Structures are given as C-alpha cells and as structure tokens.
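The structure appears below as structure tokens.
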Amino acid sequence: MSRPKLAAVAIGRNEGERLVRSLASFQGRVDRLVYVDSGSTDGSVEAALTAGAEVVELDPATLFTVSRARNAGFQKLAETGEKPDLVQFVDGDCEVRDGWLETAAAFLAEHPDVAAVSGRRRERYPDATLWNRVIDAEWDAPVGEAKACAGDAMIRTEAFEAVGGFDPDTIVGEEAEMCVRMRRAGWRIWRLDAEMTLHDVAMTKVSQWWRRTRRVGYGYGEAVALYGAPPERHKVPETRRALMWGIGVPAVALIGALFTPWALLVMLAWPVQMLRMIAKGETPLRSTFLVLGKLPEALGIIEFWYKHWTSAERKRIDYK
Numbered sequence: 644m645s646r647p648k649l650a651a652v653a654i655g656r657n658e659g660e661r662l663v664r665s666l667a668s669f670q671g672r673v674d675r676l677v678y679v680d681s682g683s684t685d686g687s688v689e690a691a692l693t694a695g696a697e698v699v700e701l702d703p704a705t706l707f708t709v710s711r712a713r714n715a716g717f718q719k720l721a722e723t724g725e726k727p728d729l730v731q732f733v734d735g736d737c738e739v740r741d742g743w744l745e746t747a748a749a750f751l752a753e754h755p756d757v758a759a760v761s762g763r764r765r766e767r768y769p770d771a772t773l774w775n776r777v778i779d780a781e782w783d784a785p786v787g788e789a790k791a792c793a794g795d796a797m798i799r800t801e802a803f804e805a806v807g808g809f810d811p812d813t814i815v816g817e818e819a820e821m822c823v824r825m826r827r828a829g830w831r832i833w834r835l836d837a838e839m840t841l842h843d844v845a846m847t848k849v850s851q852w853w854r855r856t857r858r859v860g861y862g863y864g865e866a867v868a869l870y871g872a873p874p875e876r877h878k879v880p881e882t883r884r885a886l887m888w889g890i891g892v893p894a895v896a897l898i899g900a901l902f903t904p905w906a907l908l909v910m911l912a913w914p915v916q917m918l919r920m921i922a923k924g925e926t927p928l929r930s931t932f933l934v935l936g937k938l939p940e941a942l943g944i945i946e947f948w949y950k951h952w953t954s955a956e957r958k959r960i961d962y963k
C-alpha cells in the first residue's frame, strides 16, 4: 500500500515569528505546504515564500474569515499539482509536534470511515500568564469519537470535498459546523490521545480573554441558528448555560435589588457553581473562568442574534 499524499494548509494574519515556527515544523514532512494570508502587514507573505510555501493572499474586499482562508488553501491544492489524500489544517500561531502527522495519517488509513482527526493542542508558554494557563486547560478535551474536530486537524480530502468544505460565511466555530455536515453524511470524527500542536495564544490582558470568550458566545449563536433544531441541537445546551449564568442570574439579582438588597445574594450562585464544578473534578482555575466566562459568552450570543435579525454588518472578533 502506497503512502498517502499529505499536504498542509496554514492560515494567518500578522503572526510574525509564530508563523515562521509553524511553517518550519512542516519542512520535509509534507508533500505540499500552502500558506493563506488574510491581509498581513508584518512581512508574513515574504516569510512564507522564504520557507518554501505556496502562498495565497485573500482579497481584502471580502470579509476575512477562518473558513474562507482554509477553503482557499484547499482550493490551491486542488487546482494546482497532484491533489493530496489528506490535508493537515493548522493556524499560523501553531506548530505541529513530532510524530503527529504520522500518527494521524496511520489512524485515517486504518479507519476509512473517519473524516477528520485532531489531537492534544498545548500552549507553548502555559505559565507565562494567567490567561495562557486558562487556555492550555481548555485544549484538554476528551479523546475518542467526537462531534467535531479542532481547528488544527488532519482531514480526508474525500470527506472534505463531499461536504463542500468549510462554510465561508461562518464567523466562529467553522470546524464544528462542517463536522455536523460530515456526520450527517455518515462520516465519523475522532480525537486521538496524541500530541498534535503547540499554540502560542500570546494573551496578556483581560480584555483579550473577554473578546475571545465573547467570540465563543457569538459562535454559539451561529451554531444554534444553523443546527439548533433536533436532531443535532447543535450548541443548544451551551447556549442555555451561557444565558442562564451570564444573563439570568445577574438580572434576577439586580432587578430584585430594586426591592430588597437581599436579592443580591442570588449572585452567590456563581461561587456555588464553581464549587460544584471543582467537586466534579475541575481545577479551581478552570471552574472560575468557566463560570465568569458565561457573561461574555452571553453577550456574544446576543450580539449574533442582533446582527442576524437586523442584518447588521458582521465583523471578525479578534483578540490579538
């Protein structure tokens, strides 16, 4: 059996040295390497060319989205040269770990009904800031069959083409959206117990954490709008939790306080919920930010539905 042809698509915007490390991690390990740039002004295009990557520069006249960039990278592979069997998608602030490409390709070869696999993403500098520790813990997702792959994932070309790739109009959660369509078509998604990528979140401010978490909520809104109905009920539980803890609890406390200051005790539900999560195995740090994050998540959900109902201009929500 011949070795499957493997290509990589990296996407980015002003990632600087992070992009250089990302592209270097693929040298000599893939048959083709494509970099898709979304309007960088820091010399990223030149750095990618120096690294030997094929470069696609997106037209700035159209909204930059992750899904659009990834589709453009795949299109470059499909239209020029020999089409690969497998494509490793990666963000430009991530570098692939030794052994991942071989492990993922072998798993896909052994499981022809699996469309996409992802593994363990870790922060390059987990102890640099509080926010880095929070994000590093976030990447530790359960292994086994999953509903969605991560943004960094190896995807089977056949499956990618069968569902038409990523939805270019999706602002957040594009990989989960595509995986819904893949699962509908009979494919399976898998998360492996293997080191996949090192990520450099470069998060140093609470405002960055807030914007990133608000973006998550915006993605919940998009997901519910697309697939919230049965049988998927995509992100419906997450949306309910965000609205209940992020809006419902504070609203009850504040409205009740108009009549009695004792109503503010309702806010004790937040620390109680943190303690419940700790009792179930979460770390104190992660449980704290999972609860606090419900407020920006709820605001992101509201932002999506406002723009959805009013046809307001949609914009990317960047945190760095």
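Numbered according to my numbering, the sequence shown spans residues 644 to 963. Heads up, the beta-carbon is just placed ideally off N, CA and C, and yes, glycines get one too. From a predicted model like this one, the values you see are computed outputs, not experimental measurements.
For the set V699, V879, Y949 and E804, the Cα lying nearest the Cα of A828 is the one of E804. The C-alpha of E801 is placed about 44 Å away from the C-alpha of Q916. One alpha carbon belongs to I654, the other to G794, and they sit about 11 Å apart. Residue state for W833 is assigned as strand, using DSSP reduced to three classes.
Residue pairing by DSSP places L841 opposite E738 and R765 in a beta bridge. About 15 Å separates the CB atoms of L886 and A896; that is not less than 8 Å, and the two are not in contact. With contacts defined by Cβ atoms closer than 8 Å, E700 and V688 form a contacting pair. By the CB criterion at 8 Å, A780 and I832 fall outside the cutoff.
Rounded to the nearest angstrom, the gap between the Cα atoms of R883 and E940 is 11 Å. Taking 4 residues as the minimum length, the alpha helix (DSSP H) runs contained wholly in the segment 696-725 are 709-722, in order along the chain.
Rounded to the nearest whole angstrom, the CA to CA distance from L918 to A912 is 10 Å. In this chain, the alpha helix (DSSP H) harbouring Y949 covers K937 to T953. Check the Cα spacing between V730 and each of G716, D736, E722 and D741: the tightest is with G716.
In the DSSP assignment, R675 is bridged to A650. DSSP, read as helix, strand or coil, puts F732 in strand. Per the DSSP secondary-structure output, E788 pairs in a beta bridge with W833. Note on geometry: alpha-carbon atoms of D734 and F902 lie some 51 Å from one another.
Here M797 is bridged, per DSSP, to Q731 and V760.
Fewer than three Cβ pairs drawn from the segment 870-883 and the segment 804-815 lie within less than 8 Å of each other, which leaves the two stretches out of contact.
Under DSSP, D685 shares a beta bridge with no residue. A residue is called buried when at least 16 other Cβ atoms come within 10 angstroms of its Cβ; L928 does not meet this threshold and is exposed.
With respect to the 8 Å criterion, V673 and A650 are classified as neighbours on the basis of their beta carbons. In terms of CA proximity to V849, T772 leads the group T772, L835 and W830. Residue nearest to F732 within the set R799, R854 and W853 is R799 (criterion: CA-CA distance).
By the C-beta criterion, the segment 745-753 is judged not to be in contact with the segment 854-869, since fewer than 3 inter-stretch pairs fall below 8 Å.
Boundaries of the alpha helix (DSSP H) harbouring V879: V879 to L886, taken from the DSSP string.
Inclusion of K963 and M846 in the CB contact set at 8 Å is warranted, their separation being smaller than that value.
When secondary structure is reduced to three states using DSSP, D680 falls in the strand class.
When C-alpha distances from G943 are compared across Y870, M910 and A866, the shortest belongs to A866.
Going by beta carbons, L720 and R765 fall outside the 8 Å limit. Per DSSP, reduced to three states, the secondary structure at G655 is strand. Closest by C-alpha distance to A704, out of R664, G682 and C737, is G682.
For G864, the enclosing alpha helix (DSSP H) stretches over residues V849 to Y870. Just measuring C-alpha positions, the residue of N657, G686, A819 and G742 sitting nearest D836 is G742.
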